[in-house]
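**Student:**
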Amino acid sequence: MPQYIKNPPLLEADLAADPLTQLDRWLGDAESAGLHEPTAMTLATVDAHNRPSARIVLFKGFHDGGLTFYTSYVGRKGRELAQNPHVALVFWWDKLERQVRIEGRIERLPREISRQYFYLRPRESQIGAITSRQSEVVASREALDRRYDDNVARYAGEEIPFPETWGGYRVEPRVVEFWQGRLGRLHDRLQYTRDGSGWRIERLEP
Ligand SMILES: Cc1cc2nc3c(=O)[nH]c(=O)nc-3n(C[C@H](O)[C@H](O)[C@H](O)COP(=O)(O)O)c2cc1C
């Protein structure tokens, strides 16, 4: 079992007043540390029978006090989010021995924001987005590749149409916890909770 000895103490006095500012600092540290996917975050959703599921998505920036990511609106997570907007997110940066947990509500980003982001992506990804019926069973890899190639041929020399069924989400946090490993499992846990227009910060037992 590893001991977590890297981190200097995480003190209340060092924290930003706003958890998204604090998250931005820790994301900066993760990027500077040269991690492979510093923006990867686990997204947990809940279905209509209250059963949770989780998968990784890539954080794509802050928008209007929330965290954004992009995906299909009609895949499994998209369907679950249409029924239940309560989500949890987790970042884990192993080299830094740091975790961030977020709970909040989700909503779709404005279409224009999603459209702009769609056209910033590589063309292959645009074609992938119109090709994939995310979370459906597919007969074979070949069937999927054929559909992709058909779209490559169909839109050769043309703009890829912006898909109705794809776009961004914004998670508005209600609770955000910053965790870092410390010796003897006496880890630091500092939790922000929405309190009116501001945030309450409390230390949790490890
Ligand atoms: C590192 C990593 C990054 C990923 N980023 C995304 C993403 O930004 N958007 C997305 O839709 N899926 C992303 N995926 C794939 C998802 O984990 C998942 O397979 C997909 O979204 C389908 O999930 P669903 O069936 O629950 O809707 C990523 C997977 C990994 C491992």
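My numbering applies: residue 12 is where the sequence shown begins, and numbers increase by one. We put the beta carbon where it would ideally sit given N, CA and C, even for glycine. Note that this is a predicted model, so its numbers are computed, not measured.
As an exercise, report each continuous beta strand (DSSP E) stretch of at least 3 residues that is fully enclosed by the region 71 to 96, in chain order.
**Tutor:** 77 to 83
**Student:** Of all the beta strand (DSSP E) runs that stay within the bounds of the region 25 to 57, which reach a length of 3 or more residues?
**Tutor:** 51 to 57
**Student:** In this structure, how does DSSP classify Glu183 when only helix, strand and coil are distinguished?
**Tutor:** strand
**Student:** Using a 10 Å radius around the Cβ and a threshold of 16 neighbouring Cβ atoms, would you call Glu91 buried or exposed?
**Tutor:** buried
**Student:** Under 6 Å from any heavy atom of ligand 1, does the C-beta of Ile138 make it?
**Tutor:** Ile138 has its Cβ no nearer than 6 Å to any heavy atom of ligand 1.
**Student:** Nearest CA to the CA of Ala99: which residue from Gln191, Leu194 and Val186?
**Tutor:** Val186
**Student:** For a minimum of 4 consecutive residues, which ranges assigned as the alpha helix (DSSP H) are wholly contained in the region 149 to 214?
**Tutor:** 152 to 165
**Student:** Look up Gln145 in the DSSP assignment and say whether it is helix, strand or coil.
**Tutor:** coil
**Student:** Determine whether the beta carbon atoms of His47 and Arg181 lie at a separation below 7 Å.
**Tutor:** no
**Student:** Helix, strand or coil for Glu118, going by three-state DSSP, please let me know.
**Tutor:** strand
**Student:** Hey, is the region 83 to 90 in contact with the region 171 to 179, meaning 3+ C-beta pairs nearer than 8 Å?
**Tutor:** yes
**Student:** Using a Cβ-Cβ cutoff of less than 6 Å, which residues in the same chain neighbour Asp58 once the five nearest sequence positions on both sides are dropped?
**Tutor:** Glu91
**Student:** I believe Tyr83 touches Gln145 by the beta-carbon criterion, under 8 Å. Please report the beta-carbon distance rounded to the nearest angstrom.
**Tutor:** According to the sequence provided, residue 83 is Ser. The question's Tyr does not apply to it. At roughly 4 Å, the Cβ-Cβ gap stays under 8 Å, so Ser83 and Gln145 are in contact.
**Student:** For the beta strand (DSSP E) containing Leu69, list its first residue and its last residue.
**Tutor:** Pro63 to Leu69
**Student:** On the premise that Leu215 lies in contact with Arg200, defined as a C-beta separation below 8 Å, what is that separation, rounded to the nearest angstrom?
**Tutor:** About 4 Å separates the two Cβ atoms, so the contact holds.
**Student:** Answer yes or no: do Gln191 and Asn61 have a C-beta to C-beta separation smaller than 7 Å?
**Tutor:** No, the Cβ-Cβ distance between Gln191 and Asn61 is not below 7 Å.
**Student:** Is DSSP giving Gln14 helix, strand or coil here?
**Tutor:** Gln14 carries a coil assignment under DSSP once its states are collapsed to helix, strand and coil.
**Student:** With a Cβ-Cβ cutoff of 7 Å, do Ser64 and Thr53 count as a contact?
**Tutor:** No; because the gap between Cβ atoms is not below 7 Å, this pair is not in contact.
**Student:** Identify whether Ala140 lies in helix, strand or coil by the three-state DSSP scheme.
**Tutor:** helix
**Student:** Kindly indicate which residue of Asp161, Trp103, Ser43 and Phe173 has the alpha-carbon position closest to the one of Glu123.
**Tutor:** Phe173
**Student:** Is the CB-CB distance between Tyr15 and Glu108 below 7 Å?
**Tutor:** yes
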